[in-house]
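Visitor:
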Amino acid sequence: DTESLHLHSKIYYVFDSLCHISDSIVVDLIPLIEQRLTVPNEKHRHDAAKIIAYLTSAPNNDFAQKYKSLWNTFLTQFKTGSSEIQLSCVKYLKSYFTNHPELKTDLEDVMVQLSLSTDTNVRLQLMTQIRSITNSNLIDISDKMKQILCERARDKIWEVRKEALDYFGYVYKKECVNANWSEDI
Numbered sequence: 033d034t035e036s037l038h039l040h041s042k043i044y045y046v047f048d049s050l051c052h053i054s055d056s057i058v059v060d061l062i063p064l065i066e067q068r069l070t071v072p073n074e075k076h077r078h079d080a081a082k083i084i085a086y087l088t089s090a091p092n093n094d095f096a097q098k099y100k101s102l103w104n105t106f107l108t109q110f111k112t113g114s115s116e117i118q119l120s121c122v123k124y125l126k127s128y129f130t131n132h133p134e135l136k137t138d139l140e141d142v143m144v145q146l147s148l149s150t151d152t153n154v155r156l157q158l159m160t161q162i163r164s165i166t167n168s169n170l171i172d173i174s175d176k177m178k179q180i181l182c183e184r185a186r187d188k189i190w191e192v193r194k195e196a197l198d199y200f201g202y203v204y205k206k207e208c209v210n211a212n213w214s215e216d217i
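Residues in the sequence shown are numbered from 33 upward in steps of one, following our numbering.
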């Protein structure tokens, strides 16, 4: 029990260090973490999702490719889990796109689902992450992300709509100032 040992906040770092030391140490823990993603206990699912998000988004880590079953279970929980789980995982999106471009397709599908979330905070955090991922350059982002931005620019909730429109305004201003205007946008 990590809470009684006061390691709860550091367990991600311990697990990540174990992964870098030897995969054989971690192999026995993978089924346990995967099982924790599917249990009815919200806290266990949340903790497992945070560990997997931290591990799979870390640089120089091929955890998602090695343990496809775990990755797919995580993506399912990311899409359909509670708002708290989704918010915890959304925070790692920029790290995924920066460190693991090979996971981009899987993550964009999740992002489409999250953009339709009933929770305003999830949609707002997603807009913030898309803005940081794309680094204010519409040329480098996929059609799925452009579609998400356009849809959220018509969101019912002002804060979400504002974040999407602010992003479009910033990109427009940047392109207007730029000497070589892009026709690709």
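Yeah, the Cβ is synthetic: ideal placement off N, Cα and C, and Gly gets one too. Since this is a predicted model, take the numbers as computed values, not measurements.
Under the three-state reduction of DSSP, which class applies to I173: helix, strand or coil?
Guide: Correct three-state label for I173: coil.
Visitor: Cutting at 8 Å between CB atoms, please list the residues of its own chain near M143, excluding the five before and the five after it.
Guide: Excluding residues within five positions, the ones whose Cβ falls inside 8 Å are L125, L158, I162, K176, M177, I180.
Visitor: Please name the residue, chosen from K75, I189, L135, that lies closest to L148 on a Cα-to-Cα basis.
Guide: Among K75, I189, L135, the Cα nearest to that of L148 is on I189.
Visitor: Using the Cα positions of T166 and I173, report the straight-line distance between them to the nearest angstrom.
Guide: Rounded to the nearest angstrom, the two C-alpha atoms are 6 Å apart.
Visitor: Residues in its own chain within less than 6 Å of Y199 by CB, not counting five upstream and five downstream?
Guide: So the list reads R163, once near-sequence residues are dropped.
Visitor: Would DSSP call I189 helix, strand or coil?
Guide: Looking at I189 - three-state DSSP - the assignment turns out to be coil, as it is neither helix nor strand.
Visitor: Quick one, which of L61, N131, S114 has its alpha-carbon nearest Y99's?
Guide: The option with the nearest alpha carbon to Y99 is L61.
Visitor: Taking the C-alpha atoms as reference points, what is the distance between L50 and L69?
Guide: Whole-angstrom Cα-Cα distance: 20 Å.
Visitor: Find the nearest neighbour of S89 within the set T130, L197, R186, judged by alpha-carbon distance.
Guide: The shortest C-alpha separation from S89 is found at T130.
Visitor: By the three-class DSSP mapping on this structure, what secondary structure does L139 have?
Guide: Reduced to three states, the DSSP call for L139 is helix.
Visitor: When the distance is taken between beta carbons, is S115 closer than 8 Å to N153?
Guide: Closer than 8 Å, so yes.
Visitor: Look at the Cβ atom of T105, then the Cβ atom of E66, and state whether they are nearer than 8 Å.
Guide: It is a contact, given that the beta carbons lie within the stated cut-off.
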